[in-house]
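**Student:** Before anything else, here's the structure in question.
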Amino acid sequence: LARRFCAAAGRESYIRRAAVGGRETLLGPFQSSGKYDAVLSGFLECSAIGDGEVTCKVTVGESLQNNYGTMHGGATATLVDVLGTMALLTRDPLRPGVSVE
């Protein structure tokens, strides 16, 4: 199964970086591909990786907040998608993918 890796404005997706450089490329500030995950730029940082797990810190900035000042559900869903994919990449950087099917 061949997968296309997304990139926008010359930016390489975190998925592609992991495939090329290994899971260690996931560490540090999150680098968006410029697509759906751009909302997490500047707010997410990965501090540790293990076999099937990642430890990250998210700062709930104003652009991630709902009208109540808490994290918006859409931002939460994106966070679950990105972190789930990152956790999978720690086991096999060539097989990303999270689904709710």
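Residues in the sequence shown are numbered from 21 upward in steps of one, following this note's numbering. Even glycine gets a Cβ: it sits at the ideal position worked out from N, Cα and C.
1) State buried or exposed for Arg43, treating a residue as buried only when at least 16 other CB atoms are found within 10 Å of its CB.
2) Within 10 angstroms of the Cβ of Arg115, are there 16 or more other Cβ atoms? Answer buried if so, exposed if not.
3) Excluding five sequence neighbours on each side, which residues of the same chain lie with their C-beta closer than 6 Å to the C-beta of Ala107?
4) Among Ala68, Gln85 and Asp101, whose alpha-carbon lies nearest the alpha-carbon of Lys77?
5) With 16 as the cutoff for other CB atoms within 10 Å, does Asp57 come out buried or exposed?
6) What first and last residue would you give for the alpha helix (DSSP H) that runs through Val40?
7) Could you tell me which whole beta strand (DSSP E) segments of length 3 or greater appear in the region 38 to 121?
8) Do the CB positions of Ala38 and Leu99 come within less than 7 Å of each other?
**Tutor:** Looking at the coordinates:
1) buried
2) exposed
3) Gly72, Glu73 and Val74
4) Ala68
5) buried
6) Tyr34 to Gly41
7) 64 to 70 and 73 to 78
8) no
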